Amino acid sequence: MIDRSWIGRELGQAVLPIEAGRLKFFAKSIGEANPIYSDEAAARAAGYAALPAPPTFLFAASLDSGVVFQMLEEMQVPIGKILHGEQAFEYLAPIVAGDVITVRSKVSNIYDKKNGALEFIEIVQEAENQDGVRVAEIRNITVVRN
Amino acid sequence: MAKAEEVRVGDRLPELVLAPIRRETLALFAGASGDHNPIHIDLDFARRAGMPDVFAHGMLSMAWLGRLLTDWAPQAQLRRFSVRFLGITHLGNAITCAGEVVETLEINGERCARLEISSRNQFGQTKIVGEALIALA
Chain A
1 MIDRSWIGRE LGQAVLPIEA GRLKFFAKSI GEANPIYSDE AAARAAGYAA
51 LPAPPTFLFA ASLDSGVVFQ MLEEMQVPIG KILHGEQAFE YLAPIVAGDV
101 ITVRSKVSNI YDKKNGALEF IEIVQEAENQ DGVRVAEIRN ITVVRN
Chain B
1001 MAKAEEVRVG DRLPELVLAP IRRETLALFA GASGDHNPIH IDLDFARRAG
1051 MPDVFAHGML SMAWLGRLLT DWAPQAQLRR FSVRFLGITH LGNAITCAGE
1101 VVETLEINGE RCARLEISSR NQFGQTKIVG EALIALA
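Residue numbers (the numbering used here), protein chains in the order written: chain A, 1 to 146; chain B, 1001 to 1137.
This is how it looks when you write it as structure tokens:
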């Protein structure tokens, strides 16, 4: 069982530069063919300041910081035993190439079902850009198969 | 693309039909997404963890649902996007993403459409259900 004293704990702050090359690679990996996600001129013509980050990209980028995997390691949760339970984004402002996003993460809840056979770790994250503008709120539930 | 004045409850989004998932799909997504959990790309690791094979990242399927939404309305109009993963998406699964307008409502002075979205494989098994809120500019 995961130590419930983790509930409420802040995880490390992650600073994520949003890079155009990474956005193009991400778009390719999900089969996104709309040119606004890979061609700067098309993005600008569509009203974006630069290539926009697709709706789920922030989750991807936040993994780079390693804070979640580090948390799992400290909780002694084997990485082979986790599944993704839920994921939610609330979008407050666009994120585009060149932005530097800071993500703050907190463990908001831990609970179990089926007599502990499954445990659920809920994390909430707030993301803001280099100008201090809040760009997204994120909620994530990881399921642990015990 | 959705035109605000034409959006009605019951409207269905054009479905997004994906090719069957290959190992290559998962290798590329692991690199691009930063999710390097070996359970998705290393068969030996997956077997040691008690799984018969590697399986798809949930966030790959959510990204496909994101494409369904941004094909229908510009991303700048997307306000909320949430999903629940119901089952593992396996290699060889050919995923179809679907969505339907279930409500139109006003939030913070903006007219919005609430959509129910889902992804299913070629056997009709639902893998993800979720919701999106899209501003109708």
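In this text, a Cβ means the ideal position worked out from N, Cα and C, and glycines have one as well. The structure displayed is predicted, hence computed values, not measured ones.
Give me the chain A residues within the contact set of residue i, using Cβ-Cβ distance strictly less than 9 angstroms, ordered along the chain.
i, result
"Gly-1058 (chain B)", "Leu-83, His-84, Gly-85 and Gln-87"
"Ser-1082 (chain B)", "Glu-86, Gln-87, Ala-88, Phe-89, Glu-90 and Arg-139"
"Ala-1137 (chain B)", "By Cβ distance, chain A contributes nothing, its closest Cβ being about 11 angstroms from Ala-1137 (chain B), past 9 angstroms."
So who's on the other strand from residue i, going by DSSP bridges?
i, result
"Arg-1008 (chain B)", "DSSP lists no partner for Arg-1008 (chain B)."
"Gln-125 (chain A)", "A:Ser-105 and A:Ile-138"
"Tyr-158 (chain A)", "A query on residue 158 (chain A) cannot be resolved here, the shown segment of chain A reaching from 1 to 146 and no further."
"His-1040 (chain B)", "DSSP lists no partner for His-1040 (chain B)."
"Ile-1134 (chain B)", "B:Leu-1078 and B:Ala-1113"
"Pro-1052 (chain B)", "DSSP output for Pro-1052 (chain B) lists no bridge partner at all."
"Ser-1106 (chain B)", "Reading off the sequence, residue 1106 (chain B) comes out as Glu, not Ser. In DSSP, Glu-1106 (chain B) forms a bridge with B:Arg-1111."
"Leu-1016 (chain B)", "B:Cys-1097"
"Arg-9 (chain A)", "For Arg-9 (chain A), which the question treats as bridged, DSSP gives no partner whatsoever."
"Phe-59 (chain A)", "DSSP, once it has assigned bridges, lists no residue as partnering Phe-59 (chain A)."
"Val-143 (chain A)", "A:Leu-83 and A:Phe-120"
Does the Cβ-Cβ distance between residue i and residue j come in under 7 angstroms?
i, j, result
"Leu-1068 (chain B)", "Ile-1021 (chain B)", "no"
"Arg-1114 (chain B)", "Val-1102 (chain B)", "yes"
"Ser-62 (chain A)", "Ala-14 (chain A)", "yes"
"Ile-1134 (chain B)", "Ala-1073 (chain B)", "yes"
"Phe-1085 (chain B)", "Ala-1132 (chain B)", "no"
"Glu-122 (chain A)", "Val-144 (chain A)", "no"
"Met-71 (chain A)", "Ile-2 (chain A)", "no"
"Ile-1107 (chain B)", "Leu-1065 (chain B)", "no"
"Ile-1088 (chain B)", "Phe-1055 (chain B)", "yes"
"Ile-110 (chain A)", "Val-135 (chain A)", "no"
"Ala-97 (chain A)", "Ala-20 (chain A)", "yes"
"Ala-1030 (chain B)", "Ile-1041 (chain B)", "yes"
"Val-1083 (chain B)", "Gly-1130 (chain B)", "yes"
So residue i contacts chain B; which residues on that side make the cut at Cβ distance below 7 angstroms?
i, result
"Phe-26 (chain A)", "Ala-1032 and Ser-1033"
"Glu-32 (chain A)", "Arg-1067"
"Phe-59 (chain A)", "Met-1059"
"Thr-56 (chain A)", "Met-1059, Met-1062, Ala-1063 and Gly-1066"
"Pro-52 (chain A)", "Gln-1075"
Quick one: grab the DSSP three-state call for residue i.
i, result
"Pro-35 (chain A)", "helix"
"Thr-1126 (chain B)", "strand"
"Glu-40 (chain A)", "helix"
"Leu-1060 (chain B)", "helix"
"Thr-1070 (chain B)", "helix"
"Gln-147 (chain A)", "Here chain A has residues from 1 to 146 only, and residue 147 (chain A) is not among them."
"Glu-74 (chain A)", "helix"
"Lys-114 (chain A)", "coil"
"Ala-97 (chain A)", "coil"
"Ser-29 (chain A)", "helix"
"Ala-1155 (chain B)", "Summary: the structure shown does not reach residue 1155 (chain B), with chain B confined to residues 1001 through 1137, and so no result is reported for it."
"Glu-1024 (chain B)", "helix"
"Val-15 (chain A)", "strand"
"Ile-82 (chain A)", "strand"
"Ser-65 (chain A)", "coil"
Below 8 angstroms on C-beta distance, what does residue i contact in chain A?
i, result
"Arg-1120 (chain B)", "Within 8 angstroms Cβ-Cβ: nothing; Arg-1120 (chain B) doesn't reach chain A, min ~17 angstroms."
"Gln-1125 (chain B)", "Within 8 angstroms Cβ-Cβ: nothing; Gln-1125 (chain B) doesn't reach chain A, min ~16 angstroms."
"Leu-1018 (chain B)", "Gly-31"
"Leu-1013 (chain B)", "Chain A residues near Leu-1013 (chain B): none, gap ~14 angstroms exceeds 8 angstroms."
For residue i, which residues in chain A fall below 7 angstroms Cβ to Cβ?
i, result
"Asn-1037 (chain B)", "Ile-79"
Could you tell me which chain B residues have their CB closer than 9 angstroms to the CB of residue i, listed as they occur along the chain?
i, result
"Asp-64 (chain A)", "Gly-1034"
"Pro-35 (chain A)", "Result: empty, since nearest Cβ-Cβ is about 12 angstroms, beyond 9 angstroms."
(message) Between the region 38 to 56 of chain A and the region 1045 to 1052 of chain B, can you find at least three pairs of beta-carbon atoms closer than 8 angstroms?
(response) no
(message) So, does the region 94 to 104 of chain A touch the region 118 to 137 of chain A, judging by three or more C-beta pairs under 8 angstroms?
(response) They touch, by the three-pair rule.
(message) So, does the region 1050 to 1063 of chain B touch the region 1009 to 1028 of chain B, judging by three or more C-beta pairs under 8 angstroms?
(response) Between the region 1050 to 1063 of chain B and the region 1009 to 1028 of chain B, the count of Cβ pairs shorter than 8 angstroms is three or higher; the stretches touch.
(message) Quick check: the region 1 to 21 of chain A against the region 53 to 73 of chain A, are at least 3 beta-carbon pairs closer than 8 angstroms?
(response) These segments touch.
(message) Does the structure place the region 18 to 37 of chain A close enough to the region 52 to 59 of chain A that three or more beta carbon pairs sit under 8 angstroms?
(response) yes
(request) Check whether the region 1009 to 1018 of chain B touches the region 1093 to 1101 of chain B, taking contact to mean three or more Cβ pairs, one atom from each stretch, closer than 8 angstroms. (result) The region 1009 to 1018 of chain B is in contact with the region 1093 to 1101 of chain B.
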